[in-house]
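Residue numbers (the UniProt record's numbering): 5 to 511. Glycine residues also receive a C-beta, built at the ideal position from the N, C-alpha and C atoms. Each remark here refers to the structure printed beneath this line.
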Ligand code: XMP
């Protein structure tokens, strides 16, 4: 275990992620963690994160100095570096200007941190305070033009401090530096692999749940599927999964989820056919946010009703993963769209506690866990699919007829892309039923039918995206297949907008 002590910096999860990418398990704890707790956790190394404060302010987060006497290797980053200096008798000052962005880092002394690291490279800086004088026993090991103490250390005490951010990708040698700290200094063994995560989590869940009852709302998405299967590995039939089929899923999707989960794992699988209910609620509704809210609420109502039949349960499983925690608006970012599978908790379900077995995992780690657990590839690598489903890919009112048209067109589009060489470069692709009808000609007759829009994007984080440059030939082929095979479609358009200004979905 590597313990990451959080001083409120914006890159804290990134540090955890880098450490884990290097196959070392890391956990983030608040800076208020007690010394006893640290001893109990017995980490192989400790990392202090950055943070927005100044160490010399009275109320800025501090740390019990005893931590430096535990003999555990410590790496302080940014605020963490300043805190090391300040706590041990050095001096920290406010600079006149902020050092921000890519800066050349020059290594000026030998250090275990810098083995096989280029003497000069680019690092990422973001600070106003700086370390003016070092505590006794420390030496400077690197500098930048405006920061003479870009890194310093007391090798004997295994305390290292870097003013720059090695966890940020802009720091060219960042990964090597973190790796050196972990493997060279702290002598960790890289055993954080998902098979061990599964083993440990299953054990932990088993202990926590005992012989009590667990309930889970399964959406068919990667997160809730992996969470359910993980819990099922731990407690088998004590878990009941409720899968609400709201009728807004893609072609064959409900069957695939049932096939992948109900048939292969030990759990109680309850499939609720709520198609008519959702369609009724959506009758006449055209506003995107209203659609989302109705579906979100109805989903919870259906779930509650089913849960009532089961009676009291002890735990409710949620497929929350770390990015959900950020996106659900803990911060102040504006609500662009209300996401339905985050935050909405049933009020009338009798449960005592929530379990979120994937809460600390990044998406790629969740996928690895899914594969570890034997879930099929198509489910594990499923594209993101919004909770409100096809309802937000049908502009205007949602009807059974439109759903049918969209399902067919979407299936053709996805099949064609899936079988093309373009697939690995496209991160999400789907069809949208625009509410536009236009005139066409088929055979000798006039048609007046729907326009389907195709959407395909390249993105890393789904926060920004570029439209995929699919070859005309392939688009042409897809277009004629859809028009020929799907009734009531006579026109296909391709969406060539990036995000921003558009979003990935149309609603
Ligand atoms: P937008 O349309 O906001 O979508 O650019 C970004 C990503 O989020 C997905 N999305 C959702 N996912 N519940 C989800 O789990 C939702 O309500 C929801 N709405 C959009 C979208 O498919 C894209 O990948």
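What number of angstroms, rounded off, separates the C-alpha of residue i from the C-alpha of residue j?
| i | j | result |
| --- | --- | --- |
| residue 336 | residue 227 | In this predicted model, residue 336 has a pLDDT of only 32, less than 50, meaning its place in the structure is not dependable enough to derive any value. |
| residue 170 | residue 183 | 10 Å |
| residue 454 | residue 480 | 17 Å |
| residue 167 | residue 186 | 18 Å |
| residue 13 | residue 173 | 16 Å |
| residue 11 | residue 69 | 15 Å |
| residue 264 | residue 46 | 40 Å |
| residue 118 | residue 5 | 22 Å |
| residue 351 | residue 309 | 11 Å |
| residue 294 | residue 300 | 10 Å |
| residue 260 | residue 71 | 52 Å |
| residue 159 | residue 181 | 15 Å |
| residue 141 | residue 67 | 20 Å |
I need the DSSP call for residue i, collapsed to helix, strand or coil.
| i | result |
| --- | --- |
| residue 338 | Confidence is the limiting factor: at residue 338 the pLDDT is only 40, short of 50, which leaves the residue's position unreliable, though a coordinate-based value still follows. Residue 338 falls in the coil class under three-state DSSP. |
| residue 346 | Confidence at residue 346 is low in this model, with a pLDDT of 39, below 50, so the placement of that residue is unreliable and no value is reported for it. |
| residue 72 | helix |
| residue 330 | Low local confidence applies: a pLDDT of 46 at residue 330 is under 50, so the model's placement there is unreliable, and no value is given. |
| residue 167 | coil |
| residue 257 | helix |
| residue 269 | coil |
| residue 192 | coil |
| residue 503 | strand |
| residue 422 | helix |
| residue 430 | coil |
| residue 514 | Given that the chain is displayed from residue 5 to residue 511, the structure contains no residue 514 and the question cannot be resolved. |
Is the distance from the Cβ of residue i to the Cβ of residue j below 8 Å?
| i | j | result |
| --- | --- | --- |
| residue 209 | residue 373 | no |
| residue 126 | residue 156 | no |
| residue 28 | residue 192 | yes |
| residue 109 | residue 154 | yes |
| residue 129 | residue 105 | yes |
| residue 397 | residue 510 | yes |
| residue 121 | residue 203 | no |
| residue 311 | residue 219 | yes |
| residue 7 | residue 23 | no |
| residue 416 | residue 486 | yes |
| residue 496 | residue 440 | no |
| residue 478 | residue 426 | yes |
| residue 285 | residue 411 | no |
Starting from the C-beta of residue i, find all residues in its chain whose C-beta is less than 6 Å away, skip the five residues before and the five after it, and write them out in chain order.
| i | result |
| --- | --- |
| residue 190 | 48, 49, 77 |
| residue 240 | 270 |
| residue 316 | 354 |
| residue 500 | 471 |
| residue 206 | 237, 238 |
Ignore the nearest five residues each way along the sequence and tell me which others in residue i's own chain have a CB closer than 8 Å to its CB.
| i | result |
| --- | --- |
| residue 278 | 248, 249, 250, 251, 302, 306 |
| residue 334 | The predicted position of residue 334 is uncertain, since its pLDDT is 36 and thus under 50; a value taken from the coordinates is nonetheless stated next. No residues qualify anywhere along the chain. |
Spatial neighbours of residue i within its chain, please: C-beta separation below 7 Å, excluding the five flanking residues on both sides.
| i | result |
| --- | --- |
| residue 139 | 89, 92, 93, 94 |
| residue 362 | 227, 230, 231, 323, 324, 325, 370 |
| residue 298 | 285, 286, 289 |
| residue 26 | 182, 183, 186, 194 |
Item to check | Contiguous beta strand (DSSP E) assignments of at least 3 residues, all confined to the segment 5-92 | outcome: 6-10, 30-34, 49-52, 78-81, all fully within the segment 5-92.
Checklist entry - Unbroken beta strand (DSSP E) runs of length 3 or more, entirely within the segment 126-164: which are they? => result Runs of the beta strand (DSSP E) spanning 3 or more residues and lying entirely within the segment 126-164 occur at 143-147, 155-158, in chain order.
Checklist entry - At what residue ranges does the segment 369-417 contain a whole run of the beta strand (DSSP E), taking only runs of 3 or more? => result none
Checklist entry - At what residue ranges does the segment 169-237 contain a whole run of the alpha helix (DSSP H), taking only runs of 4 or more? => result Complete alpha helix (DSSP H) runs here, min 4: 178-183, 198-213.
Item to check | Every unbroken beta strand (DSSP E) within the segment 266-320, with a cutoff of 3 residues, ordered by chain | outcome: If only complete runs of 3 or more residues are kept, the segment 266-320 shows the beta strand (DSSP E) at 272-277, in order along the chain.
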